[in-house]
Every structure is written in structure tokens, then in C-alpha cells.
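Asker:
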Amino acid sequence: MKEWKYETARDHGEVGVKRMESVRREMGLIGAVTCRIWSMFIRTYLRSMHRLEVHGKNNIPKQGPFVLVANHTSHLDALILGSLASETMRDRVFSIAAGDVFFKDGVRGTASALLINALPMKRGKMGRHAMTDLRTRLVEDKVGYVIFPEGTRARDGHLGDFKAGIGMLVCDTDVPVIPCWIEGAWKAWPSNKKIPNRGKISISIGQPKTAQDLSNDMKGWKECAAQLKDAVLQTQNQNTPQSNQVLAKNH
Numbered sequence: 000m001k002e003w004k005y006e007t008a009r010d011h012g013e014v015g016v017k018r019m020e021s022v023r024r025e026m027g028l029i030g031a032v033t034c035r036i037w038s039m040f041i042r043t044y045l046r047s048m049h050r051l052e053v054h055g056k057n058n059i060p061k062q063g064p065f066v067l068v069a070n071h072t073s074h075l076d077a078l079i080l081g082s083l084a085s086e087t088m089r090d091r092v093f094s095i096a097a098g099d100v101f102f103k104d105g106v107r108g109t110a111s112a113l114l115i116n117a118l119p120m121k122r123g124k125m126g127r128h129a130m131t132d133l134r135t136r137l138v139e140d141k142v143g144y145v146i147f148p149e150g151t152r153a154r155d156g157h158l159g160d161f162k163a164g165i166g167m168l169v170c171d172t173d174v175p176v177i178p179c180w181i182e183g184a185w186k187a188w189p190s191n192k193k194i195p196n197r198g199k200i201s202i203s204i205g206q207p208k209t210a211q212d213l214s215n216d217m218k219g220w221k222e223c224a225a226q227l228k229d230a231v232l233q234t235q236n237q238n239t240p241q242s243n244q245v246l247a248k249n250h
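Anchor point for the sequence shown: position 30 equals 29 in numbering that gives the first Met the number 0, and the numbering is continuous, going up by one each time.
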């Protein structure tokens, strides 16, 4: 029989709003139940209201660690990507969300944490220690992350440049990064609307990539960001088989 081992929770000592805003936050019983119920509701909503069509779902690993990256045009995007997680990973996939929007106040932060399992990223103010916490948790706890490397929603529906932060998370690791392209979410819920409209949405999921050959420094981070942007663009309207690919190191 395997010896039972007790490990202190990463968020031990953090309570209330501070716990919800912590990148070390772990899913408690209430959070797990809420997340499961909300996940079922969202899946039903996406099927009925947006006739969600998924291509290449087999490219998403059944277990962590992994990172899903995609274009970002709508608040629906995080809900769509989160709904793709396997049954065993459903409460272990975290959406990396803009801290100044989703964690603007205690009520909004708590709702974001409980409903979409969001972890805050302060745009333009994310310290190296916070990124290190996210990276460590990704690798050691084998969780999944949903990340939009543009850093904001595209107001015109076009893909912008990816920020180097994605490289800080995955460079010099073998964590699979799965590029995704979401089509139709911008029309269904554009940034200038308060509530979504009916409208078909589809998502294409590309082949997993790894950045194990890219250096964990600014040069490697930028190379990773640029190559993942290209991978997301290539994923448009394509249904690809599962196959791991290594991001190339520029010489």
C-alpha cells in the first residue's frame, strides 16, 4: 500500500478576497461543486444558443499539464475553452484573466474565481515572482491554463501580437501548448455589447507544441510568442490529428 502523505495547500494562510485573488488558490469543496454545476450550464448554453462546433478536440490532453492559447475577441472565449476540458480536468483548468477587469473588486473577483476558475494576471504589472508561481504550479501540479496571449480582446476581430508572458510560462519546459482558433464569438458577443447574441461559433484545435528548445529568457520568450501566434493563425478552419511538435529555436 502506498504511504499516505500530507501536503500543505499552496494557498494555506490566505483567506477571503485575498485567497480568491491569489495565483496559488486551490479549489475547495464549494468551488469544485460550483465549477461543475456552472460547467454543465455553460456546455448546454453553448450548444443551444451558439451551436458550438469543435474540430480537433483529441488534440487536448486528457491530463495536465497543458496550456490552451487562442485568439481573443469576446468574453465567450474563456467559457468556450474551459468547456473543452475532460471530466477529470474540469476543475483543474484555470483561466488566466485580466486582474483589472475580472478582479476589479471583491464581488467580481469571487464570482470569476468560482464560475470560470480564473486566476488574475495584472496587465503591465505582473511581477516575475507571480509568473514564477504560475509556471511552478503548471509544471508541478499538472493543471491546465487557458491563456489569451494578446493580453486583451481584439476590437476588430483580428489577431494581434502575442505578449512575451506566454514564453515565461512554457519556455524550457515540455508542457504542451495547444493553439486554438475561435470563429464567430466576436459576432456573438462583441466588446461593445453588454449581453451576447445568438450566433454560430466554432473552434479549431491544432496540434500540441512544446517550447522545450527555447531559452527561458527574453529572447526565448519573444520567439515562443511569435511562433505560437503563427500556430494559432494556421489553426483557422483546420481539423488536425494529434501530434506533438517542438517550437523551433532561431539561430
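Don't be surprised by glycine CBs; every beta carbon is placed ideally from N, CA and C.
It should be emphasised that the depicted structure is a prediction, and the values quoted were computed from it without experimental measurement.
Kindly indicate which residue of Arg-136, Ala-117, Gly-159 has the alpha-carbon position closest to the one of Asp-99.
Answerer: Of the candidates Arg-136, Ala-117, Gly-159, the one whose C-alpha sits nearest the C-alpha of Asp-99 is Ala-117.
Asker: Quick one: Cα of His-74 to Cα of Trp-188, how far?
Answerer: Roughly 7 Å between the two C-alpha positions.
Asker: Using 10 angstroms around the beta-carbon of Lys-61, count the other beta-carbons present and answer buried if the total reaches 16, otherwise exposed.
Answerer: Exposed, by the Cβ-count rule.
Asker: Using only the alpha-carbon positions, how far apart do His-128 and Arg-91 sit?
Answerer: Distance between the alpha carbons of His-128 and Arg-91: 22 Å.
Asker: From the DSSP output, which residues share a beta bridge with Gly-143?
Answerer: DSSP lists Phe-65, Val-92 as partners of Gly-143.
Asker: In this structure, how does DSSP classify Val-100 when only helix, strand and coil are distinguished?
Answerer: It is helical.
Asker: How big is the Cα-Cα spacing for Met-39 and Glu-86?
Answerer: When rounded, the distance between both Cα atoms is 11 Å.
Asker: So Asp-76 and Phe-147 are supposed to be a Cβ contact under 8 Å. How far apart are they, rounded?
Answerer: Right, the Cβ-Cβ distance comes to about 7 Å (below 8 Å), so this counts as a contact.
Asker: Just to confirm, is the Cβ distance from Arg-134 to Leu-168 under 7 Å?
Answerer: Yes, the Cβ-Cβ distance between Arg-134 and Leu-168 is below 7 Å.
Asker: What do you reckon, are the CB atoms on Gly-205 and Thr-234 nearer than 7 Å?
Answerer: Result yes, Cβ atoms of Gly-205 and Thr-234 sit closer than 7 Å.
Asker: Determine which residues share a DSSP beta bridge with Pro-288 and list them.
Answerer: No information on residue 288 is available, as it lies outside the stretch 0 to 250 that the chain covers here.
Asker: Since Pro-175 contacts Leu-227 with CB under 8 Å, what's their CB separation in whole angstroms?
Answerer: Wrong, their Cβ atoms sit about 12 Å apart, outside the cutoff.
Asker: Could you tell me which uninterrupted beta strand (DSSP E) segments, each at least 3 residues in length, are contained entirely in the segment 183-213, listed from first to last along the chain?
Answerer: Runs found: 201-204.
Asker: For Cys-179, which three-state DSSP category applies?
Answerer: Three-state DSSP puts Cys-179 in a strand.
Asker: Within the same chain, show all residues whose beta-carbon is closer than 6 Å to that of Ile-41, passing over the 5 residues directly before and after it, in chain order.
Answerer: Closer than 6 Å at the Cβ level, and outside the excluded window around Ile-41, lie Leu-78, Ser-82.
Asker: Can you tell which of Leu-45, Asn-70, Val-32 has its C-alpha closest to the C-alpha of Glu-182?
Answerer: Comparing Cα-Cα distances from Glu-182 to each of Leu-45, Asn-70, Val-32, the minimum goes to Asn-70.
Asker: What does the Cβ neighbour count give for Pro-240, buried or exposed, with the cut at 16 atoms within 10 Å?
Answerer: Confidence in Pro-240 is poor, its pLDDT being 44 and thus under 50, which makes the residue's placement too unreliable to answer from.
Asker: With a 10 Å radius around its C-beta and 16 neighbouring C-beta atoms as the bar for buried, classify Lys-208 as buried or exposed.
Answerer: Lys-208 is buried by the Cβ-count criterion.
Asker: If we ignore side chains and look at the alpha-carbon of each, how far apart do Arg-24 and Phe-93 end up?
Answerer: Approximately 10 Å between the Cα atoms of the pair.
Asker: From the DSSP output, read off the bridge partner residues of Glu-52.
Answerer: Answer is Ser-201.
Asker: Give me the residue from Leu-51, Val-68, Gly-30, Lys-218 with the minimum Cα distance to Leu-158.
Answerer: The candidate whose alpha carbon is nearest that of Leu-158 is Val-68.
Asker: Tell me the rounded alpha-carbon separation between Gly-219 and Ser-47.
Answerer: Cα to Cα, Gly-219 sits roughly 42 Å from Ser-47.
Asker: In whole angstroms, give me the CA-to-CA distance for Arg-35 and Ala-110.
Answerer: Their backbone Cα atoms lie some 14 Å apart in a straight line.
Asker: Report buried or exposed for Met-120, applying the criterion of at least 16 other Cβ atoms within 10 angstroms of its Cβ.
Answerer: Buried, since its Cβ has 16 or more Cβ neighbours within 10 Å.
Asker: Within 10 Å of its beta-carbon, does Thr-72 have 16 or more other beta-carbons around it, so buried, or fewer, so exposed?
Answerer: So Thr-72 ends up on the buried side.
Asker: Whose C-alpha, out of Gly-105, Val-66, Lys-192, Lys-103, is nearest the C-alpha of Ile-165?
Answerer: Nearest C-alpha to Ile-165: Val-66.
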